[in-house]
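Residue numbers (UniProt numbering), protein chains in the order written: chain E, 1 to 898; chain D, 1 to 898.
Backbone N, C-alpha and C define an ideal beta-carbon position, used for all residues, glycine too.
Have a look at the structure below, then the notes.
Below is the structure:
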């Protein structure tokens, strides 16, 4: 590994952890505080409870979605009040005012994306005031990510980026006193174990969660196990342990105690002359809330959240009434009450728990999926808005490469600013109403805009960086093709010749099959050392040619295999050549089903290379079997598309819950699974670089099952949509693989793309589940992979996804992934729009890839890990119209960073 | 006039005017400022505009209804947010905060009822802060009444009481700097001339109005006569002149510029990186607003109101965005714009107008009725909630007597506190959604509760005062009968004997017919000097016996004529006597229609005394003629009841406007007037003290036409209700008098019970009216009286009401009064309830009195004035169960204050 590579890795890791405090925890199963900041802020500023009393830590907080029903900008400024009266600028304005009015008041703030925007608009005096509040622990930053990320459908690298950027701003501005000590994931729809591990590695001392399965919560409340130590990692040991508390009432105030201006609930009316005087009733009711809560928690310290979405726009209303509530409840102490209310923060509550010195139960699985009711399984969002989920992944991957190139090339402050735009857009996209697909359509459009603009900025950075790294005498103008996913690229489809640069961000050599859209014709590709590279020209699958919005002259695809150095780039010259010069050229042959000459009647269609072989039924083109030619393992396997009907209902009660952006609830009144039979039309394409079967299932579903010549996995490249709704039925589209494997009831899914968690059908490891939704309750988020094992055969079938999807194994030997959703009613959880994505006048068409690996169990991890990384951080391609031999050669000199 | 009387009068007048500044204005028709306070506040603290520019005075204000959709308490505390998110405590909290943030910001506050409640809850530090803001002119009290009173249906004495109490609080607390200089009647539904006179006499320098007839406003806008000098009095001359301005947009901000948190309109988004950046558009739009307004007003100073109902609960939102608006609009001055925005107040605007030194047009009628659209005549509220309108009058009258007795007896601070309760309740009742009847039902109930409690407190004061004034050795326990209007009184209806005390608050001797409910039997009344007083016992009219809610053993009424000293009291001993002792006793004889013996067939039934004679048709009991026996003037006159059908509609456009609490809009598709024919059933009752005809019109309307033996007027005592709605038709019930008088198109109505204003059918004196609503547009408020004249005969027919009612003269010789309303749909002006008053499961029954005077024109004023005063400030009766001769005699010693 050369010096530059070391620097790159150092920078790469540094940004993830520079704000964290990777202290290895001592041997404990108790709350342990890590690396306290010095006096004057942090734990030392915490209020003390009263000995012998029930000390109720009141947490004044607001939850500010970084986009949901309105865009981030709209929420910040408070525009579009017709949608929601919510303006974050006013929250921060008024909270500071209210905190300044009384030293005992405290407030926590979470979302750095909003805080930072506000901070930049404040003057010196306000900066001074806020510094003082932070230093005195009266305003405490908590969690501190750029957004409050979702945990189910986010990739660990994006989560870390989200925290890295938010925490860096806080650290740079406030130093130790601004450093969050506690994770605050109060609204995400379920919780991943990887998030706990990341929190622990960030140096957090604990985390508080709002939403866990209702049955789980009921069990924990009854057993006083709402608080626990969570083992965040299979491998990191206690360094990844995290104290974790479940909040009593999600993150809301107790019923009837929402004092926000917009809540419209009863204030404390303490003028005894009034007919509306209500102090006695309010105090009685609150004391009852506290007493009920003592039955659920293990210590004499309780936590009560006083806040809600976009609360505290008029912070005075909240604080004024809480002040009165505290006064009158605590006044009862004179008459023997043992209840003591005071303003506190989650960290101060944690400190009190720590001092209580009790032992906590241990947890080592995750809190997924989340169900808030018998028929309200929040498993639909695992697959909602599949196009945006894919776009985010492209952006996240490109951000890593952008930061890498920026750091390696040592670009200046302007490029830092441009990198920041993509950092922020990716941070925003991790929000639990962004990547989840649970935002309104215009907000989803805005998220996509932010990502697109961030990508555009980072393309400039990457181009600058490559120019600098390649030491060209004058900068080359690079171009990018953002629509390669639909085989559209203005550079290659009108090709005379181009030099392309491929950046490999992985720290190992990568062989990458480059596929570029071109017009029919003959092309040459020249690589390092002027070597000719084999190419294959193949007609595009016909569904691509008619994809809505595609504007391209390309009818064919040029494929070649590029060999890329570790953390470096390679360049290739691609040239259109006359037909008379077919040097090293190979045309992929399309074998129509009717072209009998190409295969024998009644024989299977076989697609294979030296590692794998797939057999297809000749009559229908349906997959029949998959064989690992190295290990000789072979399984019967079929793949089919089907759908679930989304339940409809007015959501007035659990039985009438509709499927929507959040919720999956297959209508199983006539059997859950509706198979989409193939019409049996297919093509076989074979060439020097790969073989594939193209299945034309129906007018809106097609799939290419492709095996590259040197690959040890099979790609299933599906295209689904527009999902027809002419029958007024909302549908969830599934790709299901059924095999002969003896998998029992087990399967595994990844946790944020890092480690795996074992799943068992109709079972939860920490509570007894009553199965009310046979399909939805067995769905889990698949960020990166899902696999099943045949322990007898010692085989493992692994499927890698190219974005987050819901996945399940509903029957032995079977796995399925939900690839697309289109629903016609809202599920009444706030978004108030049906999840019915349309573009260009019709439902969205989604293209994606499932990568299958069949291997021995003990060899699978190494294989899917490498494939997953190579897929996630796939090479970035820079195109140039430079045609002079000189500059091309000049660029080729620098084919890798060294 | 004795010394005590002088003191009493002095106190009586002092309270009305002690805060005013009765400077006699000089000869001018220009804005003139009266009695400026010294420097440091008031006009001297006003911001200066820029010479040569259009100086736009931005008025930051909130309008806080003292009850409307919620009660006063609910508005103050902000409870019942489900009805309306409005909490006045938060407004004042946050306005003070926002004012402290920037010295250039200004705010005005109007309703002292709310301010005072807030003030009492603040600590010393806040008192200090508010004193500073007031002293520096940054917080300016404006108008300053306890509530912002209605002008159409209020009595001048109540208006003065409302201002006296609010202004006293401000004066006592803030001195000169807290003294309002300008009237601010921005929401009342039309404007009376008497209000202008009162404002002038209070020392105000001007007034600003929000709502005037749309046709009037259009005319004024076109002619630049939106601002004027209003001559407030026929008799007071320039002392009652008042500069008056019509605000450009009621009291609202320009369209799309409501920056209140709850408005949901676009804030100023000035981050140029945002896709939502809107500064250019916002500035362009506001400049257009200003330019349009320059066409309507006479000077280079403009006023723009930035506020609305219950705005500024989060004042920061308003001020932050206005700050930005000012910054960006004024920045255009660098590019040649002549528009200059700044925070100002109405007084500062007035000062600028004064300095502009222009002459203003003069107005001398009033701004009634108010129409906001072709079919939206706000004339229904003149009669809405007739029971509450009557109750308010009782309370107002009793308040005057309570204050009078309190002052004369020199009671201590505790009694002051009790008087204050009725002062405040009466002040609140003057609010333009209280006495108007345009509040929600539960709010009307609360207003009634406040009045009832206030009356109860003042009853204690009156009892204490009479005890002190009568110098009894030990205090007598007095009782009160609040339900004499339905002939219910627990004291007299179970009478052995009682001493009653009657207080006369007028400064002259009054002869008063006392009518008390009793059981059948014989009674004696003994007055001063042990004199026997003639009595009359009469069976109650039968409709009274079945009135809903009446719980009384009384079947008869005892009448006697009491003679009361000026500003003093008389006592009478009333005793049940055995039938064998009918000394000076006279039983009223009920002459059934069938009792032929009492009158000749085909002859009219005549009711008369030495002054008046009324003839009734013998067959139907219908009134036929009225003769003044002194002047020998006789008119043919009939009286009948009828109704208008309330229009229904969805209010989506003018043509679909419904009649409701605010709006009268008779459905005239089948003729407007629907006569309620009498079924011809009637009784005649004659006795020594009076004669009467009892008309039983239909099952829900009856009327007693009563002539007391010594009276120069006739009482029409009507009982109307429950208005039947079984036909699903909402109705407005009218009592109509049709005479032979040649009245032309003229009639007169009073202005707040003081002076009279001439009305002409289908005509307005200041603008050309297009008649779109033939009935509603000719209705005017009758607070005290309405009269018509026959100039040929020199006769005048005057009708006095016992509460405010709508009245009109739709045909020559005819006058009518709207006595009751019951409507089934809402008129969509905010109250969101149909005006459908029910009690005890059915529509309300209303009892009231019209007093008719027929006299020569030149004798009428003296007569109706005396009658009006004697009716308004009728004697208060205190009952006692004291039976001993001693205490009775002791009390009798003090039969008048001397």
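ask   = For residue 413/D, which of helix, strand or coil comes out of DSSP?
value = Counting from one through the second chain, the residue named residue 413/D turns up at place 413. Here residue 413/D sits in helix by DSSP.
request  = State buried or exposed for residue 197/E, treating a residue as buried only when at least 16 other CB atoms are found within 10 Å of its CB.
outcome  = As a working note, residue 197/E is residue 197 in the first chain. It is buried - the Cβ of residue 197/E has at least 16 other Cβ atoms within 10 Å.
key: Entirely enclosed beta strand (DSSP E) segments - the region 464-510 of chain D, minimum 3 residues   = 497-504
task = Give the residues from the region 87-106 of chain D that approach chain E closer than 8 Å (Cβ to any Cβ), ordered along the chain.
result = 87, 89, 90, 93, 94, 97
ask   = How would you write the range of the beta strand (DSSP E) that residue 157/E sits in, first residue to last?
value = Position 157 of the first chain, counted from the first residue, corresponds to residue 157/E. Counting along the chain, residue 157/E falls outside any beta strand (DSSP E), though it belongs to the alpha helix (DSSP H) covering 156-174.
request  = Output yes or no for whether 8 Å exceeds the beta carbon distance between residue 476/E and residue 485/E.
outcome  = By one-based count along the first chain, residue 476/E stands at place 476. By one-based count along the first chain, residue 485/E stands at place 485. No. Outside cutoff.
query = Does DSSP put residue 382/E in a helix, a strand or coil?
reply = As a working mapping, residue 382/E is identified with position 382 in the first chain. Here residue 382/E sits in coil by DSSP.
query = Secondary structure at residue 117/D, three-state DSSP: helix, strand or coil?
reply = Taking the second chain and counting its residues from 1, the one referred to as residue 117/D is at position 117. Reduced to three states, the DSSP call for residue 117/D is helix.
inquiry  = Please confirm whether residue 574/E has its beta-carbon closer than 8 Å to some beta-carbon of chain D.
reply    = Within the first chain, numbered from 1, the residue matching residue 574/E stands at position 574. Residue 574/E does not count as touching chain D.
message = Tell me the residue span of the alpha helix (DSSP H) that contains residue 128/E.
response = What you label residue 128/E is simply residue 128 of the first chain in a count that begins at 1. It spans 124-135 - the alpha helix (DSSP H) in which residue 128/E sits, taken as one unbroken run.
Spatial neighbours of residue 230/D in its chain, beta-carbon cut-off 6 Å, leaving aside the 5 residues before and after = The count along the second chain starts at 1 and reaches residue 230/D at position 230. Taken in chain order, the residues that qualify are 196, 242, 244, 363.
task = State the CB to CB distance for the pair residue 489/D and residue 516/D, rounded to an integer number of angstroms; the pair is presumed to be in contact (CB under 8 Å).
result = The residue given as residue 489/D occupies position 489 in the second chain. The residue given as residue 516/D occupies position 516 in the second chain. Residue 489/D to residue 516/D, Cβ: 6 Å. Contact.
key: Exposed unless 16 or more other CB atoms sit within 10 angstroms - verdict on residue 752/E   = Here residue 752/E corresponds to residue number 752 of the first chain, with the count starting at 1. Burial call: buried.
query = Does the Cβ-Cβ distance between residue 139/E and residue 176/E come in under 8 Å?
reply = In the first chain, counting from the first residue as 1, residue 139/E sits at position 139. In the first chain, counting from the first residue as 1, residue 176/E sits at position 176. Against a cut-off of 8 Å, the Cβ pair of residue 176/E and residue 139/E comes out as no contact.
inquiry  = I'd like to know if residue 276/D contacts chain E, where contact means its C-beta is closer than 8 Å to some C-beta of that chain.
reply    = Here the question's residue 276/D lines up with position 276 in the second chain. Closer than 8 Å to some Cβ of chain E, the Cβ of residue 276/D qualifies, so yes.
ask   = Does the Cβ-Cβ distance between residue 134/E and residue 96/E come in under 8 Å?
value = Here residue 134/E refers to the residue found at position 134 when the first chain is read from its first residue. Here residue 96/E refers to the residue found at position 96 when the first chain is read from its first residue. Taking 8 Å as the Cβ cut-off, residue 134/E and residue 96/E do not qualify as a contacting pair.
query = For residue 679/E, which residues of its own chain have a beta-carbon under 8 Å away from its beta-carbon, when the five flanking residues on both sides are left out?
reply = Locating residue 679/E in the first chain gives position 679, counting from the first residue. Counting only Cβ-Cβ distances below 8 Å, and skipping sequence neighbours, we find 696, 697, 698.
Residues, ordered as in the chain, of the region 72-85 of chain D that lie near chain E by beta-carbon distance below 9 Å = 73, 74, 76, 77, 78, 79, 80, 81, 82, 83, 84, 85
message = For chain D, check one thing: does any of its Cβ atoms lie closer than 8 Å to the Cβ of residue 64/E?
response = Position 64 of the first chain, counting from 1, holds the residue named residue 64/E. No, residue 64/E does not count as interfacial toward chain D.
query = Can you list, in chain order, the stretches of the beta strand (DSSP E) that have 3 or more residues and sit fully within the region 514-588 of chain E?
reply = 522-526, 535-539, 556-564, 568-577, 585-587
request  = Using a threshold of 8 Å, state whether the C-beta atoms of residue 637/E and residue 737/E are closer than that.
outcome  = Translated into the one-based positions of the first chain, residue 637/E becomes position 637. Translated into the one-based positions of the first chain, residue 737/E becomes position 737. Yes.
query = For residue 82/E, is the classification buried or exposed, using 16 other Cβ atoms within 10 angstroms of its Cβ as the cut-off for buried?
reply = For the purposes of this step, residue 82/E is taken as the residue at position 82 of the first chain. Flag for residue 82/E reads exposed.
ask   = What number of angstroms, rounded off, separates the C-alpha of residue 211/D from the C-alpha of residue 660/D?
value = Taking the second chain and counting its residues from 1, the one referred to as residue 211/D is at position 211. Taking the second chain and counting its residues from 1, the one referred to as residue 660/D is at position 660. Computed Cα separation, rounded: 18 Å.
ask   = Helix, strand or coil: which one does DSSP assign to residue 731/D?
value = Against the second chain, residue 731/D aligns to sequence position 731. Note: residue 731/D maps to strand in three-state DSSP.
ask   = Any C-beta of chain E sitting closer than 8 Å to the C-beta of residue 901/D?
value = Look at the range of chain D in this structure, 1 to 898, and you will see that residue 901/D is not part of it.
Rounded C-alpha distance that separates residue 776/D from residue 663/D = The sequence position of residue 776/D within the second chain is 776, counting from 1. The sequence position of residue 663/D within the second chain is 663, counting from 1. Distance between the alpha carbons of residue 776/D and residue 663/D is about 8 Å.
query = Interface residues of chain E around residue 317/D at Cβ under 8 Å?
reply = Sequence index remark: in the second chain, residue 317/D carries index 317 (1-based). Within chain E, the residues near residue 317/D are 78, 87, 90, 313.
message = For residue 46/D and residue 179/D, what's the separation of their Cα atoms in angstroms?
response = Within the second chain, numbered from 1, the residue matching residue 46/D stands at position 46. Within the second chain, numbered from 1, the residue matching residue 179/D stands at position 179. So the two alpha carbons sit approximately 15 Å from each other.
ask   = Helix, strand or coil for residue 285/D per DSSP?
value = Within the second chain, numbered from 1, the residue matching residue 285/D stands at position 285. In the structure shown, residue 285/D sits in a helix (DSSP, three-state: H, G or I).
request  = Write down every uninterrupted run of the beta strand (DSSP E) in the region 603-644 of chain D whose length is 3 residues or greater and which is fully enclosed by it, in chain order.
outcome  = 605-608, 612-616, 623-628
query = Mind listing which residues of the region 239-273 of chain D have their C-beta closer than 7 Å to chain E's C-betas, in chain order?
reply = 261, 262, 263, 264, 265, 266, 267, 269
ask   = Do three or more CB pairs link the region 788-803 of chain E to the region 629-643 of chain E at distances below 8 Å?
value = yes
message = Once the 5 residues before and after residue 828/D are set aside, which same chain residues still bring their CB inside 6 Å of it?
response = Counting from 1 along the second chain, the entry for residue 828/D is found at position 828. 651.
inquiry  = For the structure I just gave you, are there three or more beta carbon pairs, one from the region 852-870 of chain E and one from the region 375-393 of chain E, closer than 8 Å?
reply    = no
ask   = Are at least three pairs of beta-carbons, each pair with one atom in the region 854-861 of chain E and one in the region 801-815 of chain E, less than 8 Å apart?
value = no
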